[in-house]
Amino acid sequence: MPAIEGDEVNFKIRKMMAEDLDDILRIEQVSFPTPWSRQAYLSELQNDFAYYVVAVVDEQVVGYAGMWLLVDEAHVTNVAVAPDYRGRQLGEYLLKWLMEIAVLRGARAITLEVRPSNRPAQRLYTRLGFVAAGLRRGYYTDTGEDAIIMWKYLPTHASEEITNESGE
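So the sequence shown is numbered by the working numbering: it starts at 1184 and just counts up by one.
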């Protein structure tokens, strides 16, 4: 899939590859209380229902996002950006890319969970049109924190930019 460039910082978004995992695991360590393992990501890259993308600056992965596509729904599994690149819209671009791919593959809605303590992520998701729809009590086993369930209905057609770039 060809890459696209963002406005705030010169980056490209492309499909995740196994060669990206060293950078991804470094970001994972500083982003989550219970980071995913290399094996978890390798399994996801082999999963036919999963789709993962990375944001790259100067050949280094500085962010990533993934989702599962199940029938007509997409479920965001994770989104993370390296600390030095936060606040530069990379997370927003990564999520927009996932949503466009979800539309191209027939998804009608997209969902995710977010920690109540993660206010920056909640603001991003709300800005992108996600709406809180419920709570999963004790969802995060590392802290016992609840998860806010958020949903967004997707348009029926992908944007021309993503359609042309993705080759789908």
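We put the beta carbon where it would ideally sit given N, CA and C, even for glycine.
### Query
Would a C-beta distance cut-off of 7 Å place ALA1292 and TYR1336 closer than the cut-off?
yes
### Assigned secondary structure, MET1250 (DSSP; H/G/I helix, E/B strand, else coil)
strand
### Message
So for ILE1345, helix, strand or coil by DSSP?
### Response
At ILE1345 the pLDDT is 49, less than 50, meaning the model places this residue with poor confidence and gives no usable figure here.
### Task
Determine the extent of the alpha helix (DSSP H) in which TYR1276 is found, giving its start and end residues.
1273-1287
### 6 Å CB neighbourhood of VAL1264 in its chain, flanking five on each side removed
If we look at VAL1264 and ignore the five residues flanking it on each side, its Cβ neighbours are GLY1246, LEU1273, GLY1274.
### Message
Once DSSP output is grouped into helix, strand and coil, what is the label at LEU1337?
### Response
coil
### Task
Along the beta strand (DSSP E) that carries ALA1257, what are the first and last residues, could you check?
1256-1264
### Query
With ASP1203 and VAL1236 assumed to form a contact (beta carbons below 8 Å), what rounded beta-carbon distance in angstroms separates them?
Separation of the CB atoms of ASP1203 and VAL1236 is rounded to 10 Å, and the pair is thereby denied contact status at 8 Å.
### Limits of the beta strand (DSSP E) - the one that THR1294 falls within
1292-1297
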